[in-house]
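Asker: Below is the structure I would like to discuss, written out as structure tokens.
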Amino acid sequence: MKLKGRFIFHYGWQSLLSMVLVLLVTFGAFMFLGFGMGEYEMKRDFARGGLEYMGDFMDEGEGEVKFSQKYLDAIKEHGGWLQVLDNKGHVKASFYTPSDVPTRYNPAELADKWERRTESNYQLFLYRGSSEKYTLLYGEKPKAEQWIEKAKQDGKVVEGELILPEQLKKELRENDASLQVFSKGGEEEFSFNKTIYSKDQYTLEDLTTNATYDARYETDISSRYDKDTGKTWVVSVPRNISIQFPYSDAQSLEEYFINIFIFVAVIILVIWILFALWYSRRLTKPTLHMVEWLHNLAYGKYEEPLTKRMESKAFKKNGKLKRSYRLFREVNTSLANLTEKLRYNKEMRLRIDEMREEWITGLSHDLKTPLASINGYAQLLVADEQYNWSKEETQKFARTILQKGAYMSELINDLNLTYRLQNDQISLDYEQVELNEFVRRCVISFINDPSHGQHLHFENYQESIYVSIDQALFQRVLENIIANAIKHNEKGTDVRVSILVTKEDVFIRVKDNGSGMSEETKINLFQRYYRGTNTEERSCGTGLGMAISKQITQLHGAEINVESEVGKGTTITVSFTSVLHKAS
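With the UniProt record's numbering applied, the sequence shown covers 1 to 584.
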């Protein structure tokens with residue numbers, strides 16, 4: 001996966017995970033809230049809040065109708081009763097049913113009772129749940145109505161005071177209920193156990209809408225009008241409903257809402273804090289590591305920051321990236337490669353500086369020696385009157401001065417050429433050259449030199465090979481390679497120059513069976529300031545020949561390589577790619 005896609009996937013699934021957690025918490029909060037509201041409604045008004053739950057969770061296992069004991073306890077607490085009716089009006093199950101309640105209903109009869117067209121001792125409620133086979137019939141007789149009936153029947157007015165039975169008084173006190181009697185004009189005549197919720201006068205709204213919109217009122221008000229006397233009997237009971245909400249000590253629905261809201265807010269906040277800490281740790285840990293790494297590189301410390309146990313922070317012992325660093329795989333890999341390259345360049349720079357110092361020392365010696373010769377012979381010539389040199393001696397002195405001057409000129413030219421090559425200040429003068437003839441002429445120039453004691457051989461290719469090269473510069477490359485093979489080997493060494501051709505490449509190979517090179521010499525052969533040593537022969541030359549050869553070769557788009565082993569000889573190969581033309 002590419003870096004961009006990996007970033008999108010990485011941060012996308014993390015954000016999605018946090019959203020899912022928040023949604024789960026919110027969903028759970030709504031579940032608790034709904035459950036709490038259901039408990040509240042069931043406690044406050046079972047007929048409206050609990051009956052529908054019973055219908056939805058009715059169990060018909062083994063031919064019996066069963067309900068959760070929680071709902072049955074709520075029915076008993078409200079003083080109600082429950083019957084389960086089939087479609088024909090037969091009672092299939094009953095709970096807490098009084099003796100005056102029928103066990104079978106005619107549909108029309110039940111409809112009249114439910115709509116209060118027929119007088120009934122109970123307030124009836126019907127509910128048809130998820131099961132289409134059964135209907136739930138719930139009935140209850142409100143206590144307030146029972147108290148009013150008892151007060152009307154058993155209460156007496158003595159000397160302008162209402163006398164109630166002791167049992168009725170006890171029940172009214174236990175339930176914080178108040179009993180009031182109002183005249184036809186709406187004035188209070190009698191009262192018992194009045195509370196702060198009791199009123200001296202009741203409006204039409206108080207007496208008519210309380211039962212329908214009971215949630216708006218703090219008290220449950222029941223009233224009866226006596227046609228014979230014109231009096232109105234009123235019982236008011238505070239709705240002090242004590243409910244144990246799930247996992248909460250709230251005493252009211254509003255308090256429960258607030259608790260749930262605070263709980264959800266705290267959980268979401270904790271989730272976001274934990275997510276932020278986890279996210280920032282996964283993000284900042286590799287980021288700070290990379291910043292520290294770059295800081296090391298900026299101040300010349302070419303190494304990755306390590307742990308206290310001197311282990312890599314980003315990489316395992318097997319070289320693979322640790323999990324938290326994989327997101328920035330390319331960055332860490334690039335930093336590792338850059339660190340290695342900078343460390344290598346630093347080592348090479350120090351090595352080049354060291355070789356340059358050695359080269360300058362050797363170069364100073366090489367310049368001092370011919371200068372000393374030139375100076376010495378020049379002084380001898382100047383002192384001609386004192387020594388009276390012969391013509392032959394004068395010519396000998398002049399030849400030596402010319403020879404040393406030529407060496408110094410060659411050295412200066414090499415220095416000039418290598419720096420021009422390094423700074424791309426040379427443009428090549430390409431020519432189509434037949435390679436066999438070009439190499440043959442270079443080899444012959446060495447064979448004709450009697451000072452060389454090596455056996456020099458040339459093996460041409462059987463076909464004509466044409467390449468585009470700068471003859472002058474490339475001749476210097478070939479001469480440097482051959483001269484190097486002759487100069488640094490014993491007399492009698494075989495030096496073979498050959499041309500090899502493959503389908504796409506052409507090679508010029510100079511191979512000898514001489515003393516070979518050490519590993520250090522082979523590595524540094526093409527460095528500008530390196531001069532190989534030979535214990536049996538003083539190192540001569542400018543020390544720039546092979547460096548110049550490599551620069552010229554690369555300028556032609558070719559390559560130069562060396563293979564060598566001490567005691568087994570050396571092979572130097574120049575290879576061209578896609579620049580050759582063959583002709584029969």
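Positions of the beta carbon are idealized from the N, C-alpha and C atoms, including for glycine.
Because the structure is a prediction, the values reported are computed rather than measured.
So Phe474 packs on Ile552, CB below 8 Å; how close in whole Å?
Answerer: The residue given as residue 474 occupies position 474 in the sequence shown. The residue given as residue 552 occupies position 552 in the sequence shown. 7 Å between Cβ atoms; contact.
Asker: In this structure, does DSSP put Thr535 in helix, strand or coil?
Answerer: As a working note, residue 535 is residue 535 in the sequence shown. Residue confidence for Thr535 is low, a pLDDT of 33 falling below 50, so the modelled location carries little weight and cannot support an answer.
Asker: Ends of the beta strand (DSSP E) at Gln180?
Answerer: Mapped onto the sequence shown, residue 180 falls at position 180. Residues Ser178 to Phe182.
Asker: What are the complete alpha helix (DSSP H) segments, minimum 4 residues, inside the stretch 378–434?
Answerer: 384–387 and 391–422
Asker: Since Gln432 and Ser468 are thought to touch, with beta carbons under 8 Å apart, how far apart are those beta carbons, to the nearest angstrom?
Answerer: Residue 432 sits at position 432 when you count from the first residue of the sequence shown. Residue 468 sits at position 468 when you count from the first residue of the sequence shown. The Cβ separation is near 6 Å, so the contact holds.
Asker: Of all the beta strand (DSSP E) runs that stay within the bounds of the stretch 550–583, which reach a length of 3 or more residues?
Answerer: 559–565, 569–577 and 580–583
Asker: Who are the near neighbours of Lys92 in its chain, counting only those whose CB is closer than 8 Å to its CB and skipping five residues on each side?
Answerer: Position 92 of the sequence shown, counted from the start, is the residue given in the question as residue 92. Answer for Lys92: Val65, Val84, Leu85, Asp86 and Tyr134, listed in chain order.
Asker: Could you pull out every residue in the same chain whose Cβ sits closer than 6 Å to the Cβ of Ser498, ignoring the five residues on either side in sequence?
Answerer: Sequence index remark: in the sequence shown, residue 498 carries index 498 (1-based). Closer than 6 Å at Cβ, skipping near neighbours: Glu459 and Arg509.
Asker: For Leu269 and Thr284, what's the separation of their Cα atoms in angstroms?
Answerer: Position 269 of the sequence shown, counted from the start, is the residue given in the question as residue 269. Position 284 of the sequence shown, counted from the start, is the residue given in the question as residue 284. Distance between the alpha carbons of Leu269 and Thr284: 21 Å.
Asker: How is Ile196 classed by DSSP in three states: helix, strand or coil?
Answerer: Sequence index remark: in the sequence shown, residue 196 carries index 196 (1-based). Coil.
Asker: Select from Thr418, Asn416, Met31 and Ser373 the residue whose C-alpha is nearest the C-alpha of Leu402.
Answerer: As a first step, residue 402 is located in the sequence shown; it is residue number 402 there, counting from the start. It is Ser373 whose Cα lies nearest to the Cα of Leu402.
Asker: Do the CB positions of Glu189 and Ser183 come within less than 8 Å of each other?
Answerer: The residue labelled residue 189 in the question sits at position 189 within the sequence shown. The residue labelled residue 183 in the question sits at position 183 within the sequence shown. Yes, these two residues count as a Cβ contact at 8 Å.
Asker: Identify which residue in Glu519, Gly516 and Val501 has its Cα closest to the Cα of Ser575.
Answerer: Taking the sequence shown and counting its residues from 1, the one referred to as residue 575 is at position 575. Cα-wise, what sits closest to Ser575 is Val501.
Asker: Can you look up Pro107 in the DSSP assignment and give me helix, strand or coil?
Answerer: Your numbering for residue 107 matches position 107 in the sequence shown. The answer is helix: DSSP assigns Pro107 an H, G or I state.
Asker: Comparing alpha-carbon positions, which option in Gly185, Gly186 and Leu162 lies nearest Leu179?
Answerer: Translated into the one-based positions of the sequence shown, residue 179 becomes position 179. Cα-wise, what sits closest to Leu179 is Leu162.
Asker: Return helix, strand or coil for Tyr202, following the three-state DSSP convention.
Answerer: The residue given as residue 202 occupies position 202 in the sequence shown. It is coil, neither helix nor strand.
Asker: Span of the beta strand (DSSP E) holding Arg224?
Answerer: Stepping through the sequence shown from its first residue, residue 224 is reached at position 224. Run containing Arg224: Thr219 to Tyr225, per the beta strand (DSSP E) assignment.
Asker: Please report whether the beta-carbon of Thr521 lies at a distance below 8 Å from any beta-carbon of chain C.
Answerer: The chain inventory of the structure shown lacks chain C, comprising one protein chain alone.
Asker: Pull up the CB-CB distance for Thr573 and Phe507, whole angstroms please, since I reckon it's below 8 Å.
Answerer: Along the sequence shown, one-based indexing puts residue 573 at 573. Along the sequence shown, one-based indexing puts residue 507 at 507. Indeed they touch by this definition, with Cβ atoms about 5 Å apart.
Asker: Return helix, strand or coil for His90, following the three-state DSSP convention.
Answerer: The residue given as residue 90 occupies position 90 in the sequence shown. In the structure shown, His90 sits in a strand (DSSP, three-state: E or B).
Asker: For Val495, report the span of its alpha helix (DSSP H) as first-last.
Answerer: Translated into positions along the sequence shown, residue 495 becomes position 495. Element bounds for Val495: not the alpha helix (DSSP H) but the beta strand (DSSP E), Asp494 to Val501.
Asker: Based on Cα-Cα distance, which residue from Met310, Phe328 and Glu304 lies nearest to Ala336?
Answerer: Position 336 of the sequence shown, counted from the start, is the residue given in the question as residue 336. Closest by alpha carbon: Glu304.
Asker: Relative to the C-alpha of Thr339, which residue among Thr307, Lys320 and Ala298 is closest?
Answerer: Numbered from 1 along the sequence shown, position 339 holds the residue referred to as residue 339. It is Ala298.
Asker: Under the assumption that Ile465 contacts Asn423 (Cβ atoms under 8 Å), give the Cβ distance between them as a whole number of angstroms.
Answerer: What you label residue 465 is simply residue 465 of the sequence shown in a count that begins at 1. What you label residue 423 is simply residue 423 of the sequence shown in a count that begins at 1. 32 Å between Cβ atoms; not a contact.
Asker: For Gly139, write down the residues that DSSP places opposite it in a beta bridge.
Answerer: Translated into positions along the sequence shown, residue 139 becomes position 139. Note: Gly139 sits in a beta bridge opposite Trp81 and Leu124.
Asker: Which one or two residues does DSSP pair with Trp233 in a beta bridge?
Answerer: Here residue 233 refers to the residue found at position 233 when the sequence shown is read from its first residue. Beta-bridge pairing links Trp233 to Val181 and Arg224.
Asker: Count Cβ pairs between the stretch 221–239 and the stretch 261–278 that sit closer than 8 Å; are there 3 or more?
Answerer: no
Asker: Is it buried or exposed for Tyr419, if we count other Cβ within 10 angstroms and need 16 for buried?
Answerer: Working through the sequence shown from its first residue, we reach residue 419 at position 419. Tyr419 is exposed by the Cβ-count criterion.
Asker: Along the chain, where does the beta strand (DSSP E) that runs through Leu162 open and close?
Answerer: By 1-based counting over the sequence shown, the position of residue 162 is 162. Taken as a continuous stretch (DSSP letters only), the beta strand (DSSP E) holding Leu162 covers Glu161 to Ile163.
Asker: When burial is assigned at 16 or more other CB atoms within 10 Å of the CB, is Gly376 buried or exposed?
Answerer: Position 376 of the sequence shown, counted from the first residue, corresponds to residue 376. The residue is exposed, with fewer than 16 neighbouring Cβ atoms inside 10 Å.
Asker: Terminal residues of the continuous alpha helix (DSSP H) containing Phe315?
Answerer: Locating residue 315 in the sequence shown gives position 315, counting from the first residue. If you look at Phe315, you'll find it isn't in any alpha helix (DSSP H); DSSP assigns it neither H nor E.
Asker: State buried or exposed for His295, treating a residue as buried only when at least 16 other CB atoms are found within 10 Å of its CB.
Answerer: For the purposes of this step, residue 295 is identified with residue 295 of the sequence shown, where counting begins at 1. It is exposed - the Cβ of His295 has fewer than 16 other Cβ atoms within 10 Å.
Asker: Is the stretch 150–170 close to the stretch 198–205, with three or more CB pairs under 8 Å?
Answerer: no
Asker: So the candidates are Arg349, Gln167 and Glu410; which of them puts its Cα closest to the Cα of Leu367?
Answerer: Looking up residue 367 in the sequence shown gives position 367. Answer by Cα proximity: Glu410.
Asker: So the candidates are Glu565, Met19 and Thr208; which of them puts its Cα closest to the Cα of Phe275?
Answerer: Taking the sequence shown and counting its residues from 1, one reaches residue 275 at position 275. The residue with the shortest Cα to Cα distance from Phe275 is Met19.
Asker: So for His365, helix, strand or coil by DSSP?
Answerer: One-based indexing of the sequence shown puts residue 365 at position 365. Helix.
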